[in-house]
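Numbering-wise, our numbering puts 269 at position 258 of the sequence shown, and it's gapless, one number per residue.
Each remark here refers to the structure printed beneath this line.
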Amino acid sequence: LTVGIPKESYPGEHRVAITPQNVQLLLKKGFSRVLIERGAGAEAQFTDEAYEQAGARTVDRRSVFSESDILLKVRALSTDGPDSEVDAIREGATVISFLYPMQNRAVVNRLSERKATAFAMDMVPRISRAQVFDALSSMANIAGYKAILEASNVFGRFLTGQVTAAGKIPPCKVLVIGAGVAGLSAIATARRMGAIVRGFDTRSAAREQVQSLGAEFIEVEIEEDGSGTGGYAKEMSKEFIEAEMKLFYEQCREVDIVVTTALIPGRQAPRLITKAMLGAMKPGSVVVDLAAEAGGNCEATLPGKMTKYNGVTIIGYTDLPSRLPTQSSTLYSNNITKFLLSLVPADKKEKYYDVDLKDEVTRGAIVTYDGQILPIAPRPAPP
Ligand code: NAD
12 LTVGIPKESY
22 PGEHRVAITP
32 QNVQLLLKKG
42 FSRVLIERGA
52 GAEAQFTDEA
62 YEQAGARTVD
72 RRSVFSESDI
82 LLKVRALSTD
92 GPDSEVDAIR
102 EGATVISFLY
112 PMQNRAVVNR
122 LSERKATAFA
132 MDMVPRISRA
142 QVFDALSSMA
152 NIAGYKAILE
162 ASNVFGRFLT
172 GQVTAAGKIP
182 PCKVLVIGAG
192 VAGLSAIATA
202 RRMGAIVRGF
212 DTRSAAREQV
222 QSLGAEFIEV
232 EIEEDGSGTG
242 GYAKEMSKEF
252 IEAEMKLFYE
262 QCREVDIVVT
272 TALIPGRQAP
282 RLITKAMLGA
292 MKPGSVVVDL
302 AAEAGGNCEA
312 TLPGKMTKYN
322 GVTIIGYTDL
332 PSRLPTQSST
342 LYSNNITKFL
352 LSLVPADKKE
362 KYYDVDLKDE
372 VTRGAIVTYD
382 GQILPIAPRP
392 APP
């Protein structure tokens, strides 16, 4: 079987779906050929020579699409115009990528028309066994880290406190709203850079995780736990949201950097930071809104942009993992390669792969099977 990796075509996308190291692994595991588009890894610092040394063949774009049985991508295949990627694949090919099938019905329908078997990396169930394929967590980890770096780039002071001959410098104060994978990564990064960090989440399970990173867990005085299906957050009551916003208003007067990561799967992100709160922040403060793509946690966020409101910088970048392309490609490549290898049955001499719809992970991630659109699998219950 031939595995193909095209260059990502989405504007500003710097990641590549596979590293040379994982090319080697696929060949070792019995896939007959790996074709990679020339220059596909260049922006992530993986050269054509490195891919060739690993055993891949570097070819033109057309050959990757027309000769591959299995395509590995970061972004979903494009559907529009003469360069439509979905029209370029082999009929009946298998495609593994981020897909977000609920939001991308048009791509799913086109994949179905092309009789494709498509797996969405974003639909892999978040159970212990599947952690190794969890690309959402890999990317969220990077986004949280990069959020602090982006904030520190525009913040005019140190994050750490110092006592110098020229004067005593107080540490910067950081508030992180939402302590999931991205939030915890932001907390850990800000702590490592010496900031005083506070964390908030609606799930009480997050308290211990926040505290274990050396941050303070701040709370509201309402007994309501935000844990929903599969360990994800559920939508909170109006009273809870009001109480947390009151808390954030007070916090905004004190802190220098706010990172928001509050998300509820399948819903618009809750609006938690208002313009009035931004007005209460000190000039030079920074807000990084990691929920920008889902509508934003902050009222003044412009998705994809850095903007200013009342002297406060608001960062709404939606491509933070792609801004750390070598790291994000490496982690994504590990996730997608291991996912593909998980489809290879042990008793088939690893020469080809099999779709076992009884397997919880396969069933969770599959979106189309030989062209048939499958209903979204139920999410696992909370642990
Ligand atoms: P996410 O990106 O969907 O959400 C980010 C955070 O926002 C969550 O922690 C959520 O509780 C919080 N949030 C939602 N509404 C909020 C509000 N109004 N105010 C403040 N915070 C709010 O979450 P995620 O990082 O993808 O994962 C969240 C959960 O899933 C965590 O419990 C994590 O441990 C779990 N998880 C499990 C696995 C696994 O078992 N394989 C993998 C990844 C994540």
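Glycine included, each C-beta is placed from N, C-alpha and C at the ideal position.
Fair warning: this is a prediction, and the values are worked out from it, not measured in the lab.
> Going along the chain, which residues of its own chain have a beta-carbon closer than 7 Å to the beta-carbon of residue 86, five neighbours each way excluded?
Replying inline: The residue given as residue 86 occupies position 75 in the sequence shown. Excluding residues within five positions, the ones whose Cβ falls inside 7 Å are 19, 21, 24, 108 and 109.
>> Can you give me the C-alpha to C-alpha distance between residue 308 and residue 281, rounded to a whole angstrom?
In response: As a first step, residue 308 must be located in the sequence shown, where it is residue number 297. As a first step, residue 281 must be located in the sequence shown, where it is residue number 270. So the two alpha carbons sit approximately 6 Å from each other.
> Which two residues bound the contiguous alpha helix (DSSP H) that contains residue 213?
Replying inline: Position 202 of the sequence shown holds residue 213. No alpha helix (DSSP H) contains residue 213, which DSSP labels as neither H nor E.
>> Which of the three DSSP states is assigned to residue 309 in this structure?
In response: For the purposes of this step, residue 309 is taken as the residue at position 298 of the sequence shown. In the structure shown, residue 309 sits in a strand (DSSP, three-state: E or B).
> Roughly how many whole angstroms lie between the Cα atoms of residue 80 and residue 304?
Replying inline: As a working mapping, residue 80 is identified with position 69 in the sequence shown. As a working mapping, residue 304 is identified with position 293 in the sequence shown. Residue 80 and residue 304: Cα-Cα distance of roughly 32 Å.
>> Please give me, in chain order, every unbroken run of the alpha helix (DSSP H) with length at least 4 that falls completely inside the stretch 267–305.
In response: 286–291
> Does the ligand NAD have even one heavy atom less than 7 Å from the beta-carbon of residue 212?
Replying inline: In the sequence shown, counting from the first residue as 1, residue 212 sits at position 201. Checking the Cβ of residue 212 against the ligand NAD gives yes.
> Heavy atom of the ligand NAD less than 7 Å from the Cβ of residue 363, yes or no?
Replying inline: One-based indexing of the sequence shown puts residue 363 at position 352. The answer is no for residue 363.
> Looking at residue 274 and residue 189, is the spacing between their C-beta atoms short of 8 Å?
Replying inline: As a working mapping, residue 189 is identified with position 178 in the sequence shown. As a working mapping, residue 274 is identified with position 263 in the sequence shown. A contact, by the Cβ cut-off of 8 Å.
> If you compare alpha carbons, which of 64, 262, 213 and 316 is closest to residue 234?
Replying inline: One-based indexing of the sequence shown puts residue 234 at position 223. Here the closest residue by C-alpha is 213.
> For the beta strand (DSSP E) that residue 15 lies in, which residues bound it at each end?
Replying inline: In the sequence shown, counting from the first residue as 1, residue 15 sits at position 4. Counting along the chain, the beta strand (DSSP E) containing residue 15 begins and ends at 13–16.
> Quick one: what does DSSP say residue 5 is sitting in, helix, strand or coil?
Replying inline: It is not possible to answer for residue 5, since the shown part of the chain is limited to 12 through 394.
>> Comparing C-alpha positions only, which one of 288, 268 and 302 sits nearest to residue 321?
In response: Taking the sequence shown and counting its residues from 1, the one referred to as residue 321 is at position 310. Considering only alpha carbons, the answer is 288.
>> Only counting the same chain, and skipping five residues up and downstream in sequence, which positions put a Cβ closer than 6 Å to that of residue 206?
In response: Stepping through the sequence shown from its first residue, residue 206 is reached at position 195. Counting only Cβ-Cβ distances below 6 Å, and skipping sequence neighbours, we find 170, 182, 183 and 185.
>> When you measure from the CB of residue 332 to every non-hydrogen atom of the ligand NAD, does any distance come out below 7 Å?
In response: Counted from its first residue, the sequence shown places residue 332 at position 321. It does not: the Cβ of residue 332 is nowhere closer than 7 Å to a heavy atom of the ligand NAD.
>> Taking 8 Å as the threshold (C-beta atoms), are residue 75 and residue 48 in contact?
In response: Mapped onto the sequence shown, residue 48 falls at position 37. Mapped onto the sequence shown, residue 75 falls at position 64. Yes.
> Under 7 Å from any heavy atom of the ligand NAD, does the C-beta of residue 247 make it?
Replying inline: Walking along the sequence shown from the start, residue 247 turns up at place 236. For the ligand NAD, at least one heavy atom lies less than 7 Å from the Cβ of residue 247.
> Identify the residues that DSSP records as bridge partners of residue 383: which are they?
Replying inline: Position 372 of the sequence shown holds residue 383. Answer is 380, bridged to residue 383.
> To the nearest angstrom, how far is it from the Cα of residue 124 to the Cα of residue 104?
Replying inline: Locating residue 124 in the sequence shown gives position 113, counting from the first residue. Locating residue 104 in the sequence shown gives position 93, counting from the first residue. Going by the C-alpha atoms only, they are around 12 Å apart.
> How many Å lie between residue 325 and residue 383 at the Cα?
Replying inline: By 1-based counting over the sequence shown, the position of residue 325 is 314. By 1-based counting over the sequence shown, the position of residue 383 is 372. Their Cα atoms are separated by approximately 43 Å.
> Can you check whether the CB of residue 284 is closer than 8 Å to the CB of residue 271?
Replying inline: To locate residue 271, count along the sequence shown from 1; it is residue 260. To locate residue 284, count along the sequence shown from 1; it is residue 273. Yes, these two residues count as a Cβ contact at 8 Å.
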